[in-house]
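Let me begin by presenting the structure, written as structure tokens, before commenting on it.
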Amino acid sequence: MSKRLSILLGLIVVPGVTFGIIYFTQCSKEDTEKNQAIKKEEAPQEAPKEGFLAPQFALNDLSGNLVRLGDFKGKVVLLNFWASWCAPCRREIPSLERLYEMRKDRGFEIVAVNSERASASQIASFADANRMSFPILLNPQGDVSGNYWVRAIPTSFLLDKKGVIRWKIVGGREWDGPDVLTTIDQLLGE
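For the sequence shown, the numbering used here puts the final residue at 422, and the numbers step up evenly by one.
Structure follows, in structure tokens:
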């Protein structure tokens with residue numbers, strides 16, 4: 233190939249390739265920005281972690297009524313996975329009850345998912361003896377706790393009014409302390 237032809241091809245091909253790279257990079261950047269904007273407008277997906285929608289479920293309560301997590305939409309919900317044989321679970325029950333009494337009239341709900349193979353009457357007797365007045369749902373198969381990746385109990389999830397997980401807590405705690413009340417009050421105010 234002659235030197236002139238090489239130079240001529242260089243003058244045509246190099247700018248064309250450069251233009252193509254710049255054009256496709258710009259289009260790719262614009263497409264990425266559009267996709268990110270669309271994703272920001274979409275509701276979060278379900279996942280058992282902070283910033284995602286809480287996975288939906290339906291379980292029977294102690295009276296045999298089917299209760300769905302979606303029934304509590306519009307409320308701030310503390311979803312608590314527990315068992316009556318669990319010592320940390322038993323220790324936190326009084327503070328859960330105090331929290332419930334302090335905030336239930338303001339749009340706050342505690343939903344306690346019992347993860348043991350006991351009868352409804354056994355769990356109801358335990359709940360009565362421990363003055364548990366919030367809803368208790370039965371999950372003897374453990375499928376809901378499995379969907380939430382619960383590996384230790386108690387494990388709790390604080391959900392905002394839209395059902396998005398805002399806080400995951402593993403282990404027992406005092407639920408009526410100022411840090412918890414402040415967090416719940418902020419969510420109630422949103």
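Where is the CB? At the ideal position from N, CA and C, for every residue including glycine. Just so we're clear, the structure is a prediction, and the values are computed from it rather than from any experiment.
Residue i burial status per 10 Å Cβ neighbour count (16 or more: buried)
i           : result
residue 335 : buried
residue 410 : exposed
residue 351 : exposed
residue 317 : exposed
residue 297 : exposed
residue 320 : exposed
residue 422 : exposed
residue 324 : buried
C-beta atoms of residue i and residue j nearer than 9 Å
i           : j           : result
residue 392 : residue 308 : yes
residue 390 : residue 413 : no
residue 355 : residue 310 : no
residue 345 : residue 369 : yes
residue 286 : residue 299 : no
residue 313 : residue 380 : yes
residue 339 : residue 302 : no
Between the CA atoms of residue j and residue i - distance to the nearest angstrom
i           : j           : result
residue 403 : residue 377 : 14 Å
residue 283 : residue 365 : 29 Å
residue 500 : residue 353 : Residue 500 lies beyond the residue range present for the chain, which begins at 233 and ends at 422; the question has no answer from this structure.
residue 362 : residue 348 : 17 Å
residue 360 : residue 294 : 11 Å
residue 330 : residue 387 : 18 Å
residue 279 : residue 382 : 12 Å
residue 385 : residue 398 : 19 Å
residue 281 : residue 400 : 7 Å
residue 332 : residue 396 : 20 Å
residue 416 : residue 277 : 23 Å
residue 461 : residue 405 : This structure leaves residue 461 out entirely; the chain is present only between 233 and 422.
residue 288 : residue 322 : 26 Å
residue 357 : residue 292 : 16 Å
residue 375 : residue 315 : 15 Å
residue 367 : residue 337 : 15 Å
Residues that residue i bridges to, as DSSP identifies them
i           : result
residue 388 : 312, 401
residue 335 : Its beta-bridge partners do not exist; DSSP assigns none.
residue 290 : 300
residue 285 : 278, 396
Exercise. Write down every uninterrupted run of the beta strand (DSSP E) in the stretch 341-370 whose length is 3 residues or greater and which is fully enclosed by it, in chain order.
Key: Entirely contained in the stretch 341-370, the beta strand (DSSP E) runs reaching 3 residues are, in chain order, 368-370.
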